[in-house]
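Structure record follows, encoded as structure tokens.
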Amino acid sequence: MEELRYEDAALDDRIKRAVAELGFEVMTPIQTQAIPTMITGADVIGQAQTGTGKTAAFGIPLLMRVDPEIDSLQALVLCPTRELAIQAAEEIRKYAKYMSGIRVLPIYGGQDIVKQIRSLKGSVQIVVGTPGRVMDHMRRHTLKMDSLRTIVLDEADEMLDMGFREDIETVLASCPEDRQTALFSATMPKAILDITKQYQKPDAVYLKMPAKELTVPAIRQYYYEVSKKNKTEAVARLLDYYNPKRCTIFVNTKRMADELTEDLVGRGYFAAALHGDLSQIQRDHVMQGFRNGSVEILIATDVAARGIDVSDVEAVFNYDIPQDIEYYVHRIGRTGRAGRTGRAFTLVVGREIYKIRDIERVCKTKMKPRTIPTSSDIKATKSDKILTRMLEIVKDEEKDLGEMIRIISEKLEDEDMTAMDLAAAFLKDAMGEELPDIPTENYFEERKRKRGERRRDGENGKGKFGKLGSFGRFGRGDRKDGDRSGRRDGGHRRDDRDGRRGRGFFGKDGHKDGRKDGKDFKDNGRKDGGSKFFERRRPKDDGDRPFRKKVRSKDIRNDGSLKD
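The opening residue of the sequence shown carries number 12 in this note's numbering; numbering runs sequentially from there.
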């Protein structure tokens, strides 16, 4: 696909100016195909990886089609989360920076609805909101669809996963029939295709990015096999070794997000949690801190993943492997954005290694195995970081070190030590306590080792069932010559309660309990010689064959005999 530069595209000059100020020069593949198509008014189904510029792919055409002279609602964008709605609205505003008369308003739950109603009474042409809050305004008649020209479903697959299908269909059914409908998603499950068939025109244009672009090649992906108890320590080692300025750690539960945040903050990291239990004020505060750098590590659940739109995230950590493979693509799409490179680290515990193989197969990518940095690696990285910071202080002419030099000189005169000894002590104190290495894990090698141990134990008679060979690899005991049963008792199983169980009730010659002498079996534990299976003669039977009947306790008399 040929690259299309913004300056060469058939766009409003005011939009080109705003895009140039943002630093974008070349359109992404989804933008190259979607922008010209949507400008014509055609319905669009766009499938593209998270982080490939889908917001601009529909935001710029919306601005091109909106008439600033009309004060009523002309475009509606539905987003799955509050964060994504806010960020999409902010991005569209940036593209409309030099287009006077166009207002963009985000509406979402958690914000005062009265304030939103007052804003909607003004001239708002584009609304970006979550399905639930949009329906609230529709019921209050504060959001009128009469003049709506375009509706966009952003991250449609995520909205369906969150249970918004009924809300989405309600909104779509309330829109004018001659509207333009655009749907953008990273994946296209059957539920989305059903919606497109029902609510889009038959000639809707399906824009699917090539598979090679869905694998996010700019992201280097690694996985580390660790034990469950060492996961937090492993994350801390990786943070110390790679030292990312801004990163995101994904977990599967809200509880784990809070626990990991508390642990990392206790270790001195600037971390904060983002999940569904936070209030809107708390969520805004966390995201603002993540953007301005006061929060360096954002620990989030998958629900919050779609709402993270920060371009300079250097690394993504999968503390927990996502339960849905599609979430892996969404997670790592938080890094390596806007043409930058990024890293994705995944922690693997035991049999989770099979999930890594599934991810590689489905995503058509390759994850490289790595070992957790050793204590020596961390020591070298920390010392280099500290010394670099100290050298910057020494070279800074504005910082006067004369007083510090005097204090150190006096101390060296009083103590029997050199300046090198004192500097080494300062460095050791700054580096903190030296930690032991994290044991290396390898699930397949460990499984192979355990199999070898079981095989050797069986051959040496140390296994749970004795030597290997009596019953294949399970080894249930020594087998005597000519005895195919594998039991030392000649084939008779005994039960501690009643002396017999299972097979062996009838022998080869029709005698009871496999005995050739035909003697009745007597149980030492009961006077009548019976057990839980009672033997009775078959009526009107010439033979002497016993038969057994399984009975319940209520069928037994007090003297132990069987009721008729």
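The beta-carbon is built from N, C-alpha and C at its ideal position, and this holds for glycine as well. Note that the structure is a prediction, hence the values are computed from the model and not measured.
With a threshold of 6 Å on Cβ separation, who are the neighbours of residue i within its own chain once the five nearest residues in sequence on each side are excluded?
i           : result
residue 139 : 88, 96, 99, 100 and 117
residue 206 : none
residue 631 : Because residue 631 is not part of the residues shown, which for the chain are 12 to 575, the question remains open.
residue 263 : 331
residue 14  : 37
residue 148 : 154
residue 494 : For residue 494, the pLDDT reaches just 49, beneath the cut-off of 50, and the residue's location in the model is therefore unreliable, leaving the point undetermined.
residue 72  : 46, 49 and 50
residue 381 : 233 and 235
Determine the contact status of residue i and residue j, defining contact as a CB-CB distance below 8 Å.
i           : j           : result
residue 145 : residue 115 : no
residue 285 : residue 311 : yes
residue 164 : residue 156 : no
residue 327 : residue 352 : no
residue 178 : residue 393 : no
residue 594 : residue 422 : An answer regarding residue 594 cannot be provided, because it is not within the stretch 12 to 575 covered by the chain.
residue 314 : residue 287 : yes
residue 159 : residue 85  : yes
residue 161 : residue 129 : no
residue 372 : residue 230 : no
residue 321 : residue 302 : yes
residue 70  : residue 124 : no
residue 141 : residue 92  : yes
residue 627 : residue 105 : Limits of the chain in this structure are 12 at one end and 575 at the other, which puts residue 627 out of reach.
In the DSSP output, which residue or residues are listed as bridge partners for residue i?
i           : result
residue 353 : 230
residue 236 : 359
residue 86  : 137 and 161
residue 283 : 309
residue 573 : 567
residue 52  : Per DSSP, none; premise fails for residue 52.
residue 302 : Paired residue(s): none; residue 302 is not in a bridge.
residue 329 : 261 and 357
residue 347 : Looking at the DSSP assignment, residue 347 forms no beta bridge with any residue, so it has no partner.
residue 57  : 195 and 218
residue 37  : 16
Just mark residue i as buried or exposed, buried being the case when its beta carbon has 16 or more other beta carbons within 10 Å.
i           : result
residue 217 : exposed
residue 200 : exposed
residue 67  : buried
residue 233 : exposed
residue 334 : exposed
residue 109 : exposed
residue 339 : buried
residue 541 : The predicted position of residue 541 is uncertain, since its pLDDT is 46 and thus under 50; no value can be drawn from it.
residue 210 : buried
residue 384 : buried
residue 16  : exposed
residue 119 : buried
residue 467 : exposed
residue 501 : Note on residue 501: pLDDT 47, under 50, position unreliable in the model; the coordinate value appears next. Exposed.
residue 450 : exposed
residue 447 : exposed
residue 281 : exposed
residue 299 : exposed
residue 81  : exposed
residue 452 : buried
residue 56  : buried
residue 28  : exposed
residue 342 : buried
residue 187 : exposed
residue 566 : exposed
Near residue i, what residues of its chain come up, given a Cβ to Cβ distance below 7 Å and the 5 sequence neighbours on each side ignored?
i           : result
residue 256 : 307 and 325
residue 196 : 58, 166, 167, 168 and 203
residue 42  : 64, 67 and 68
residue 464 : none
Closer than 8 Å by C-beta to residue i: which residues in its own chain qualify, once you throw out the five before and the five after it? Chain order, please.
i           : result
residue 367 : 234, 332, 357, 359 and 378
residue 113 : 74, 77, 79, 107, 136 and 137
residue 274 : 243
residue 289 : 297
residue 249 : 235, 328, 356, 383 and 384
residue 430 : 419 and 423
residue 442 : 390, 393, 394 and 397
Taking 7 Å as the cut-off, is the beta-carbon of residue i closer than that to any non-hydrogen atom of the ligand MN?
i           : result
residue 113 : Within the structure as shown, the ligand MN is missing, as the structure has no ligands at all.
Original post:
What runs of the alpha helix (DSSP H), each 4 residues or longer, lie entirely inside the stretch 92–155?
Top reply: 93–106, 124–131 and 142–150
**OP:** Could you tell me which uninterrupted beta strand (DSSP E) segments, each at least 3 residues in length, are contained entirely in the stretch 349–431, listed from first to last along the chain?
**Re:** 353–359 and 379–381
**OP:** Identify every run of the beta strand (DSSP E) within the stretch 152–222, keeping only runs that are complete inside it and at least 3 residues long; order them along the chain.
**Re:** 161–165, 191–196 and 216–219
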